[in-house]
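Visitor: Chains as they are written, first to last, in the working numbering: chain B, -7 to 136; chain H, -7 to 136.
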DNA sequence: TTTATTTCGGATAAATATATCCTATTTATA
DNA sequence: TATAAATAGGATATATTTATCCGAAATAAA
Ligand code: FES
Ligand code: FES
């Protein structure tokens, strides 16, 4: 469904959100340990998310990654997915035609479209705040 | 969503189904032309589908690929997807945890599960007969 | 200002997915 | 039986994704 990079990116963002709520910056080392992902690869993805204004980085000693406390609830899953995987999952044809087009649909179009729209709605209405809360409460997990 | 191989496999199966209803066998050359896919690569995928009993091949002169007329309506999209991409899309965790587990859910689990189940239901209730009919009637297309 | 720490970014490696090529095998027909 | 036409399958090539490595730049604190 999502690329590995995107999976790591979402898990990392949730972990950063949880820690930022507690006023703690985190390093790629700590992040990749807590979400069980390859460190250098994860660091690349974090840089990508910084460039896309999903998270913030602070360079130098005592630096790390964080998210402004008051924006955590405004960051949607869709922003992370689009930053890393692009928007093909929202608009692309399920059977790989050049574009999904009502006037030139593939045989799966009608049935696929509704699922794709549900997925888009879900990603656009889910924010980091609620996901981080699940982790905080021990109801959900980021690894294993 | 699906791999290229899976997209080609579904499009090819629909094309074969349409032709088998008309009593015509088709070659990889004709298939890849009609679904606009790389020929040799498509041929590999067709072999895979034969091994998984989704389609039938007839070797030698006047051979080709076909589907028994009376089984076309019984072949579900899910069989093709599972043959090529495996069943990860049905059972895998959306955030890449080792397994999707109610007792150890990722933060996206509840919301993701319902979409994944809708997708599975769609693939399990859609058969080649109806898809081929769309093509036959000119309501749907397999390329461009 | 020096030092230690940390992100940034380029280069490279490894793994996987996609695609091509060529030969062997099968089979209907002449 | 010989021939031509077609799928099967191994070997190989290319592209993309995933992953690692290392030095440069930034920055807080001593
Ligand atoms: S054309 Fe294929 S999903 Fe819309
Ligand atoms: S555990 Fe992640 S989707 Fe179920």
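A virtual CB, placed ideally from N, CA and C, is assigned to each residue, including glycine.
Counting only C-beta atoms, is residue 97(H) closer than 8 Å to chain B at any point?
Guide: yes
Visitor: With a 10 Å radius around its C-beta and 16 neighbouring C-beta atoms as the bar for buried, classify residue 30(H) as buried or exposed.
Guide: exposed
Visitor: Cβ of residue -2(B) versus every heavy atom of ligand 2: is any distance shorter than 7 Å?
Guide: no
Visitor: Under 8 Å between the Cβ atoms of residue 6(H) and residue 115(H)?
Guide: Not closer than 8 Å, so no.
Visitor: How is residue 86(B) classed by DSSP in three states: helix, strand or coil?
Guide: coil
Visitor: Looking at the C-beta of residue -1(H), does it have a partner C-beta in chain B at a distance below 8 Å?
Guide: yes
Visitor: Report the residue from 81(B), 8(B) and -7(B) whose alpha carbon sits nearest the alpha carbon of residue 42(B).
Guide: For residue 42(B), the nearest C-alpha among the options comes from 8(B).
Visitor: Would you please verify whether the beta carbon of residue 103(H) is less than 8 Å from any beta carbon of chain B?
Guide: yes
Visitor: Any heavy atom of ligand 1 closer than 7 Å to the Cβ of residue 69(B)?
Guide: no
Visitor: Any idea what DSSP makes of residue 58(H), helix, strand or coil?
Guide: strand
Visitor: At a cut-off of 7 Å, would you count residue 20(B) as near ligand 2, judging by its Cβ distance to the nearest heavy atom?
Guide: no
Visitor: From the DSSP secondary-structure annotation, give me the bridge partner or partners of residue 49(B).
Guide: 57(B)
Visitor: Quick one: list the residues of chain H neighbouring residue 2(B), beta-carbon separation under 8 Å, in chain order.
Guide: 87 and 100
Visitor: For the candidate residues 111(B), 15(B) and 77(B), whose alpha-carbon lies nearest to that of residue 57(B)?
Guide: Sorting 111(B), 15(B) and 77(B) by C-alpha distance to the C-alpha of residue 57(B) places 15(B) at the top.
Visitor: Please report the straight-line C-alpha distance between residue 169(H) and residue 46(H), rounded to a whole angstrom.
Guide: Only positions -7 to 136 of chain H appear in this structure, which leaves residue 169(H) out of reach.
Visitor: Pick from 89(H), -7(H) and 94(H): whose alpha carbon is nearest that of residue 27(B)?
Guide: When only C-alpha atoms are compared, the closest one is 89(H).
Visitor: Which whole-angstrom value is the C-beta distance of residue 13(H) and residue 48(H), which I expect to be below 8 Å?
Guide: With a Cβ gap of about 14 Å, residue 13(H) and residue 48(H) do not count as contacting.
Visitor: Is it the case that the Cβ atoms of residue -6(H) and residue 110(H) are separated by a distance below 8 Å?
Guide: no
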